[in-house]
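Asks:
Residue numbers (the numbering used here), protein chains in the order written: chain A, 411 to 730; chain B, 4 to 325.
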């Protein structure tokens with residue numbers, strides 16, 4: 411409005427211009443309506459968080475976090491589920507992050523943005539991000555367990571007892587690694603874009619080869635972005651239940667996974683089982699709320715860290 | 004002999020460069036290979052429905068689609084009862100359930116997400132925007148099992164208390180929770196589309212005397228419509244494929260009714276609920292993978308379409324400014 415006013419020729423009275431450019435009152439209706447949408451969304455988020463915090467805060471204690479479940483989930487803690495989740499996402503990161511990072515490096519350093527292969531890979535990444543998580547679960551069962559696992563069993567363990575060809579933490583972690591691959595790729599790419607050209611040019615000017623530049627300059631500079639991607643992947647992976655339903659999660663285990671072929675307990679799966687298959691809902695309710703709160707805190711803390719790192723990368727890029 | 008050394012070094016490093024690039028390229032292909040493998044292996048497990056005579060006795064594609072006379076004297080109808088005798092594998096009840104849940108989710112999420120996106124892109128101050136973005140990211144960060152839990156324990160009871168529906172867990176309950184899950188997707192895509200409308204177009208409209216809301220409604224919104232539509236389509240795809248929320252909050256009864264207050268069973272939830280208990284390689288197992296194939300193809304097409312629309316929109320909007 412002000413720009414227009416200043417552009418207007420002098421002779422026209424200021425009041426006339428203001429009259430003409432004054433927003434009509436009904437202009438406030440869409441503004442109020444869209445603001446209402448924002449408020450409803452914020453209210454929903456607060457409602458969900460509030461309910462879970464109020465319901466679960468009383469249950470959280472050191473013993474709850476460090477003791478195993480007792481009396482068929484009606485007492486005790488969630489220690490094995492926490493450990494299982496940690497092991498699972500740890501393995502997932504080991505499998506998934508290197509591949510994701512190198513994919514981003516390839517897309518950003520080796521190919522031209524518009525080339526056919528780049529476009530094809532990008533389409534694949536976008537589609538991978540959109541495949542329903544239950545389909546990943548099916549894939550984990552059909553490919554990792556049914557094909558790879560049984561293949562290993564047939565080749566190396568001729569006895570009838572399956573060793574690798576059954577649900578296990580390694581298959582669940584691999585499935586999740588695939589599911590979170592797009593997250594890692596996208597975050598790493600964003601970090602790669604933030605690296606100033608001059609830094610790379612300087613490396614080449616010193617006689618470094620492409621691979622040396624990638625290893626010594628580009629990857630170290632992109633570390634915050636890689637870190638963000640890994641954290642976001644962990645946050646996503648820790649919350650996904652559908653892909654691990656048939657690939658390794660167990661309702662209750664008296665032991666903690668120590669081998670790659672062990673099954674494991676997991677927080678999200680624990681929530682699902684307690685919420686839907688508990689014989690006595692009232693007795694498990696406090697534990698259920700406590701578990702949900704732990705899971706939610708875990709994912710939010712991870713997301714928050716990732717958002718902080720990412721906004722620092724972005725501000726650095728703008729500063730250039 | 005320094006020159007010879009130099010030559011050796013170069014050859015070695017060239018080899019290393021070559022290997023390095025090939026390894027990096029192989030990693031980059033992993034996304035492509037994974038998509039192909041996912042399709043191949045899910046399709047492979049559902050193939051016996053078409054080829055295996057033993058399986059075909061129990062279930063065929065025709066039996067899954069058309070109404071069957073399951074018992075003598077009964078009129079033919081659709082039913083999903085894979086553990087009954089004879090096992091009934093009609094997909095229609097699941098299809099209706101999936102559609103009902105996704106429809107409720109879209110009706111719930113679209114006005115909120117598009118409205119909020121519009122506010123964020125058109126009206127919000129910078130500070131307000133800094134509130135909205137993290138809120139959406141937090142919402143997107145809630146694991147679906149937590150939303151499912153919330154819908155099962157809290158939302159269902161609240162709705163039951165207000166409306167007194169026959170079934171506590173129904174399409175509306177699950178749909179609302181699904182809607183919360185897809186708000187971030189629709190918001191992000193729609194907001195992106197609206198705020199990528201070039202400033203020069205806004206300036207032009209303003210210079211012609213349009214006030215802020217006229218700029219938004221007559222200029223930005225029409226230009227961003229394909230983006231908003233793409234956001235809705237992507238949200239719909241997510242709603243159809245989402246598993247844990249519907250598994251926990253929908254009641255999981257395969258009823259072919261059009262009422263939104265009946266319990267429902269969706270495709271995704273059916274796989275999740277039944278696969279753990281089926282015999283490896285049985286007809287039931289194959290049918291569940293067949294459903295997985297349908298889900299995969301459906302979401303694949305939706306994502307491809309959404310991508311296409313968005314990249315075209317980007318070209319169009321950027322092309323105009325230059």
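Idealized CB from N, CA, C, for every residue including glycine.
Can you check whether the C-beta of residue 257/B is within less than 9 Å of a C-beta belonging to chain A?
Replies: Not closer than 9 Å to any Cβ of chain A, the Cβ of residue 257/B fails to qualify, so no.
Asks: What's the call for residue 39/B, buried or exposed, on a 16-neighbour Cβ count within 10 Å?
Replies: Exposed, because fewer than 16 other Cβ atoms sit within 10 Å of the Cβ of residue 39/B.
Asks: Between residue 446/A and chain B, is any beta-carbon pair separated by less than 9 Å?
Replies: By this cut-off, residue 446/A is an interface position.
Asks: Which ranges does the alpha helix (DSSP H) cover as unbroken runs of at least 4 residues, wholly within the stretch 87-171 of chain B, from first to last along the chain?
Replies: 95-121, 129-144, 147-153 and 159-166, all fully within the stretch 87-171 of chain B.
Asks: Tell me the DSSP secondary structure of residue 486/A in three-state form.
Replies: Three-state result, residue 486/A: strand.
Asks: Would residue 543/A count as contacting chain B if we go by Cβ distances under 9 Å?
Replies: Yes - at least one Cβ of chain B is within 9 Å of the one on residue 543/A.
Asks: Mind listing the chain B neighbours of residue 623/A? Cutoff is C-beta to C-beta under 7 Å, in chain order.
Replies: Correct list: empty, because the minimum Cβ distance to chain B is about 11 Å.
Asks: Do you know how far the Cα of residue 715/A is from the Cα of residue 514/A?
Replies: Rounded to the nearest angstrom, the two C-alpha atoms are 22 Å apart.
Asks: If contact means a Cβ-Cβ distance below 7 Å, which residues of the stretch 511-523 of chain A contact chain B?
Replies: Per Cβ criterion, the list reads 512, 513, 515, 516, 517 and 520.
Asks: Of all Cβ atoms in chain B, is any one closer than 9 Å to the Cβ of residue 679/A?
Replies: So yes, residue 679/A belongs to the interface.
Asks: Between residue 649/A and residue 144/B, is the Cβ-Cβ spacing less than 9 Å?
Replies: Yes.
Asks: Select from 116/B, 46/B and 98/B the residue whose C-alpha is nearest the C-alpha of residue 273/B.
Replies: Cα-wise, what sits closest to residue 273/B is 98/B.
Asks: Nearest chain B C-beta to residue 419/A closer than 9 Å, yes or no?
Replies: Because the pLDDT at residue 419/A is just 47, under 50, the model does not fix this residue reliably, and the value given afterwards should be weighed accordingly. For residue 419/A, the answer is no, since every Cβ of chain B falls outside 9 Å of its Cβ.
Asks: In whole angstroms, give me the CA-to-CA distance for residue 141/B and residue 710/A.
Replies: Approximately 7 Å between the Cα atoms of the pair.
Asks: Decide if residue 471/A is buried, meaning its Cβ has at least 16 other Cβ atoms within 10 Å, or exposed.
Replies: With fewer than 16 Cβ atoms within 10 Å of its Cβ, residue 471/A is classed as exposed.
Asks: May I ask you to verify whether the stretch 118-136 of chain B touches the stretch 442-459 of chain A, counting CB pairs closer than 8 Å and requiring at least 3?
Replies: Flag = yes, the stretch 118-136 of chain B and the stretch 442-459 of chain A touch.
Asks: Hey, how far is the Cα of residue 614/A from the Cα of residue 456/A?
Replies: Going by the C-alpha atoms only, they are around 51 Å apart.
Asks: Between residue 620/A and chain B, is there a C-beta pair that is closer than 9 Å?
Replies: So yes, residue 620/A belongs to the interface.
Asks: Check this for me: beta carbons of residue 189/B and residue 116/B, under 9 Å apart or not?
Replies: Yes. Within cutoff.
Asks: Verify whether the separation of the beta carbon atoms of residue 548/A and residue 291/B is less than 9 Å.
Replies: Contact flag set, yes.
Asks: Rounded to the nearest angstrom, what separates residue 602/A and residue 632/A at their Cα positions?
Replies: One C-alpha to the other measures close to 6 Å.
Asks: Quick check: the Cα distance between residue 680/A and residue 635/A, rounded to an integer number of angstroms?
Replies: Taking the straight line from one Cα to the other gives about 31 Å.
Asks: Whose CA, out of 485/A, 454/A and 558/A, lies closest to the CA of residue 138/B?
Replies: The shortest C-alpha separation from residue 138/B is found at 454/A.
Asks: Quick one: is residue 302/B near chain A, going by C-beta distance under 9 Å?
Replies: Cβ-Cβ to chain A under 9 Å: yes for residue 302/B.
Asks: Is residue 576/A near the ligand COA, going by C-beta to nearest heavy atom under 8 Å?
Replies: With respect to small molecules bound, the structure shown includes none, and the ligand COA cannot be examined in it.
Asks: Check whether chain B comes within 9 Å of residue 645/A, counting only Cβ atoms and requiring the distance to be less than that.
Replies: So, interface residue.
Asks: With C-beta atoms as the reference, is residue 507/A less than 9 Å away from residue 643/A?
Replies: For residue 507/A and residue 643/A, yes; Cβs fall inside 9 Å.
Asks: Measure from the C-beta of residue 310/B to each C-beta in chain A and report whether the shortest distance is under 9 Å.
Replies: For residue 310/B, the answer is yes, since a Cβ of chain A falls inside 9 Å of its Cβ.
Asks: Measuring straight from C-alpha to C-alpha, what distance separates residue 48/B and residue 282/B?
Replies: Their backbone Cα atoms lie some 13 Å apart in a straight line.
Asks: Smallest Cα separation from residue 293/B: which of 623/A, 695/A and 552/A?
Replies: It is 552/A.
Asks: How about residue 559/A and residue 572/A: are their beta carbons less than 9 Å apart?
Replies: Yes; because the gap between Cβ atoms is below 9 Å, this pair is in contact.
Asks: Using beta carbons (cut-off 9 Å, strictly below), is residue 223/B in contact with chain A?
Replies: Closer than 9 Å: no.
Asks: Do the stretch 301-316 of chain B and the stretch 55-71 of chain B meet, that is, are 3 or more Cβ pairs less than 8 Å apart?
Replies: Short answer: they don't touch.
Asks: What does a CB cutoff of less than 8 Å around residue 147/B pick up in its chain, not counting 5 residues either side in sequence?
Replies: Excluding sequence neighbours, residue 147/B sits near 184, 245, 246, 247 and 248.
Asks: If you run the structure through DSSP and keep just helix, strand and coil, what is residue 481/A?
Replies: Of the three classes helix, strand and coil, the one that applies to residue 481/A here is coil, per DSSP.
Asks: Kindly indicate which three-state DSSP category residue 84/B falls into: helix, strand or coil?
Replies: Three-state DSSP puts residue 84/B in a strand.
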